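Chemist:
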Amino acid sequence: MSRFFHTRYANLKPYVPGEQPRERTYVKLNTNESPFPPSPRAVEAARREAERLQLYSDPTAKFLHECFAALIGVDPGEVMATNGSDEILYFAFMAFCGKDRPAVFPDITYGFYPVFANLLGIPYTEIPLRADFTVDVDALCQTPGTVFLANPNAPTGIAIPPREIERILRAHPNDVVVIDEAYVDFGAESCVPLIRQYENLLVTQTFSKSRSMAGARLGFGIAQASLINDLQTIRNSINPYNVNRMTMAAGIGAIEDETYTRKNCEIIVQNREYCTHALQKLGFTVIPSQANFLFVRHPAIGGSALYSALRERGILVRHFDAPRLTDYNRITIGSRAEIDALLAAIQTISEVNI
Ligand code: PMP
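Position in the sequence shown (first residue = 1) + 82 = the numbering used here.
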């Protein structure tokens, strides 16, 4: 830390992203990316847009908003595009939390929530997940503050139905409830239709997972226009050009190729079921997932030991060194070939350990 860094950040612990190694090629099952390339239409649109990079991007993201709103069945004024969904989450912390309005989220969830809260000096309450890793909806209902809930949750993959979310929305009439649907396209039910009824609901989604665009950085907020306008005020006070031209074009290309997205999601769901059964046969505990990853525990090999043994064999998964998570690893659902490579490596590691 330099002597110029403000003391308010002295204890700030930044988010630690999953490894993106460059030194060798891994079977990369650690950051929940898609094993498929982006839609050819997205790629071609971005390529064409590259020729106009001398111009700023449209700060109103008009065409992108219109396309995305039509896709999900809302008005263009009810969506806002951001630089990945991390950015809309950050804007939500800025817009709807403060010293007098804490944040509330589960103790085991997306690791960025406490980072944003700490960065902005926002107090927060962490609601412990139950022993089976499900979200304690009653406790969320009873705790005052702006709610942040990943649904499906990370790193567990467990989703709760919209009627449970409605209980939280009704229990928090004077707070915003943010439902982070980064992984919703792999089998969970979206809360987007609920924005009609609930003025306090903000749904966030991303093109990083189901649309294979993690590197383009495109996310969305979806809510009634009054909440979107608040978020626009924040965005326009930070960076009105937050989504770049190539990403906007690629996003529109991806939306125009929805069949490609749906087909890829179906394959991921099939691969998830295949991987679940195969890991269970190998003795693993597999948390039932509705996301593009599995959270798994081996009966004999510790989480960290399995992570290292897989890494040595060229396979990257994600291990979280935290009390209730340390026995587990989070494994992204890759292609069939990647899953087979993972299973073969686990088989060998188990034999060595017996
Ligand atoms: N929410 C959750 C639960 C996530 O796991 C992620 C991915 N790390 C994000 C949001 C943010 O994704 P992105 O910024 O790529 O849209």
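Virtual Cβ for every residue (Gly too), placed ideally from N, Cα, C.
All figures in this text were calculated on a predicted structure; none of them were measured in a lab.
According to the neighbour-count rule (16 or more other Cβ atoms, all chains shown, within 10 Å of its Cβ), is I396 buried or exposed?
Modeler: The sequence shown places Gly at residue 396, not Ile. That one is exposed.
Chemist: Looking only at its chain, what residues have a beta carbon closer than 6 Å to the beta carbon of F187, apart from the 5 residues adjacent to it on each side?
Modeler: Y195 and F230
Chemist: I'd like to confirm something about G166: is its beta-carbon nearer than 7 Å to some heavy atom of the ligand PMP, or not?
Modeler: yes
Chemist: Since I277 is in the beta strand (DSSP E), which residue starts that stretch and which ends it?
Modeler: Careful: I277 lies outside any beta strand (DSSP E) and carries neither H nor E.
Chemist: By the 10 Å Cβ neighbour count, where 16 or more other Cβ atoms means buried, how is K144 classified, buried or exposed?
Modeler: exposed
Chemist: Once you ignore the five residues that flank E101 on each side, which residues in its own chain have a CB closer than 7 Å to its CB?
Modeler: N112 and L398
Chemist: Give me, in chain order, the residues of the same chain whose beta-carbon lies closer than 8 Å to that of E271; leave out the 5 immediate sequence neighbours on both sides.
Modeler: A241, P243 and P244
Chemist: Is any heavy atom in the ligand PMP found nearer than 7 Å to the beta carbon of T288?
Modeler: yes
Chemist: Looking at the ligand PMP, does it come within less than 7 Å of Y192, judged from the CB to the closest heavy atom?
Modeler: yes
Chemist: Just curious, the alpha helix (DSSP H) that E355 is in, first and last residue?
Modeler: E340 to K363
Chemist: Does A185 come out as helix, strand or coil in the three-state DSSP assignment?
Modeler: strand
Chemist: Restricting to Cα atoms, I'd like to know which of V325, D257, L283 and A404 is closest to P184.
Modeler: D257
Chemist: So, are the CB atoms of C273 and R249 less than 8 Å apart?
Modeler: no
Chemist: Would you check if there are 3 or more beta carbon pairs closer than 8 Å linking the region 358–378 to the region 316–335?
Modeler: no
Chemist: Apart from the five residues on each side of it in sequence, which residues of its chain come closer than 7 Å, Cβ to Cβ, to F178?
Modeler: T228 and V258
Chemist: Ends of the alpha helix (DSSP H) at D409?
Modeler: Where D409 is concerned, there is no enclosing alpha helix (DSSP H), given that its DSSP letter is neither H nor E.
Chemist: Are G159 and Y97 closer than 8 Å when you measure CB to CB?
Modeler: Result no, Cβ atoms of G159 and Y97 do not sit closer than 8 Å.
Chemist: Spatial neighbours of A298 within its chain, please: CB distance less than 6 Å, with the 5 preceding and 5 following residues excluded, ordered by chain position.
Modeler: T329 and A332
Chemist: Just to confirm, are E420 and V109 a CB contact at a threshold of 8 Å?
Modeler: yes
Chemist: Just to confirm, are S386 and T408 a CB contact at a threshold of 8 Å?
Modeler: yes
Chemist: Under a Cβ-count criterion, where at least 16 other Cβ atoms within 10 Å of its own Cβ denotes burial, should R106 be classed as buried or exposed?
Modeler: exposed
Chemist: Can you tell me whether M83 is buried or exposed, with buried defined as 16 or more other CB within 10 angstroms of its CB?
Modeler: exposed
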